[in-house]
Amino acid sequence: MSLCGDACFWGSISNSFAQYMSIAHDIMPIVIIVVFGAALLFRTVMQKRRLRQGNGWRQYRKMIIQFIFISITFVVSNLPYTIVYFGEALGFSSFGINLLRYFLLLSNLEPMALPYATLITLPGLKEKLYALIICKPKQNTIRPTVA
Numbered sequence: 000m001s002l003c004g005d006a007c008f009w010g011s012i013s014n015s016f017a018q019y020m021s022i023a024h025d026i027m028p029i030v031i032i033v034v035f036g037a038a039l040l041f042r043t044v045m046q047k048r049r050l051r052q053g054n055g056w057r058q059y060r061k062m063i064i065q066f067i068f069i070s071i072t073f074v075v076s077n078l079p080y081t082i083v084y085f086g087e088a089l090g091f092s093s094f095g096i097n098l099l100r101y102f103l104l105l106s107n108l109e110p111m112a113l114p115y116a117t118l119i120t121l122p123g124l125k126e127k128l129y130a131l132i133i134c135k136p137k138q139n140t141i142r143p144t145v146a
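In numbering that gives the first Met the number 0, the protein residues as written are 0 to 146.
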């Protein structure tokens with residue numbers, strides 16, 4: 000079945016190669032992001048407890064928040080399509096077939112939402128945008144000069 004947004008060559012390749020492509024490019028990236036993301040978060044929390052550090056935790060926290068925003072954006076946009084494909088691969092031929100056209104549209108969300116997910120976590124961005132939008136002129140102070 001070929002849907003809009005799907006690759007045009009799916010009808011001309013073998014079934015085993017199509018399964019490989021779907022597993023390698025649809026299922027595995029989500030599994031890798033979830034597993035290694037959880038491992039990274041677990042390692043960071045355990046290292047913080049082990050070293051009892053408080054000052055450097057702010058840097059890790061910013062990194063973790065940025066990682067979570069970017070990972071959630073990727074997983075939310077690709078997971079529904081992957082679940083439908085996985086259900087079809089298990090033998091449920093009509094599993095989510097009506098929803099598939101909406102899930103394919105959801106995959107267009109990632110390129111649009113990723114810059115915003117990254118911008119949210121940048122430090123000092125709120126103040127810079129506020130200064131850019133409000134455009135208040137800075138007050139120049141006049142000081143006496145020593146001659």
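C-beta: ideal position from N, C-alpha, C; glycine also. Just so it is clear, the structure is predicted and the values come from calculations on it, not from any experiment.
Exercise for review: Evaluate Y80 with the Cβ neighbour count: other Cβ atoms within 10 Å of its Cβ, from every protein chain shown; 16 or more gives buried, anything less gives exposed.
Suggested key: In the sequence shown, the residue the question calls residue 80 occupies position 81. With 16 or more other Cβ atoms within 10 Å, it is buried.
Check your understanding: What do you get for N77, buried or exposed, if any count of 16 or more other CB atoms within 10 angstroms of its CB means buried?
Key -> In the sequence shown, counting from the first residue as 1, residue 77 sits at position 78. By the neighbour-count rule (16 or more Cβ atoms within 10 Å), N77 is buried.
**Study point:** Local conformation of Q46 per DSSP, three classes
**Key:** The residue you call residue 46 lines up with position 47 of the sequence shown. Q46: helix per DSSP, three-state reduction.
Point to revise | T45 versus L113, L98 and Y59, residue with shortest Cα-Cα distance | key: Within the sequence shown, the letter at position 46 stands for residue 45. The identity of residue 45 in the sequence shown is Met, whereas the question assumes Thr. It is Y59 whose Cα lies nearest to the Cα of M45.
Review point. Sorted by chain position, which residues of the same chain lie with C-beta nearer than 7 angstroms to F102's C-beta, five sequence neighbours on each side aside?
Key: Taking the first residue of the sequence shown as 1, we reach residue 102 at position 103. Exclusion of the five residues before and after F102 leaves P79, Y80 and V83 as the residues of its chain whose Cβ lies within less than 7 angstroms of its Cβ.
Exercise for review: Could you have a look at I141 and say whether DSSP puts it in helix, strand or coil?
Suggested key: In the sequence shown, counting from the first residue as 1, residue 141 sits at position 142. Shown here, I141 sits in coil according to DSSP, grouped into three states, outside any helix or strand.
Exercise for review: Under the assumption that V74 contacts V33 (Cβ atoms under 8 angstroms), give the Cβ distance between them as a whole number of angstroms.
Suggested key: For the purposes of this step, residue 74 is identified with residue 75 of the sequence shown, where counting begins at 1. For the purposes of this step, residue 33 is identified with residue 34 of the sequence shown, where counting begins at 1. Right, their Cβ atoms sit about 7 angstroms apart.
Check your understanding: For S106, which option in L40, L121 and D25 has the closest C-alpha, if you only look at C-alpha atoms?
Key -> For this step, residue 106 is matched to residue 107 along the sequence shown. Of L40, L121 and D25, the residue nearest in Cα terms is D25.
Point to revise | Where L99 sits in the DSSP three-state scheme | key: Numbered from its first residue, the sequence shown carries residue 99 at position 100. Residue state for L99 is assigned as helix, using DSSP reduced to three classes.
**Study point:** Candidates P110, F85 and M111: closest to L99 by CA position
**Key:** Translated into positions along the sequence shown, residue 99 becomes position 100. Here the closest residue by C-alpha is F85.
**Study point:** Selection from S15, A116 and G90 that minimises the alpha carbon distance to I71
**Key:** Residue numbering aside, residue 71 sits at position 72 when the sequence shown is read from its first letter. Cα-wise, what sits closest to I71 is A116.
Practice item. Tell me whether the beta-carbon of Q65 lies closer than 7 angstroms to the beta-carbon of T140. Key: Within the sequence shown, the letter at position 66 stands for residue 65. Within the sequence shown, the letter at position 141 stands for residue 140. Not a contact, by the Cβ cut-off of 7 angstroms.
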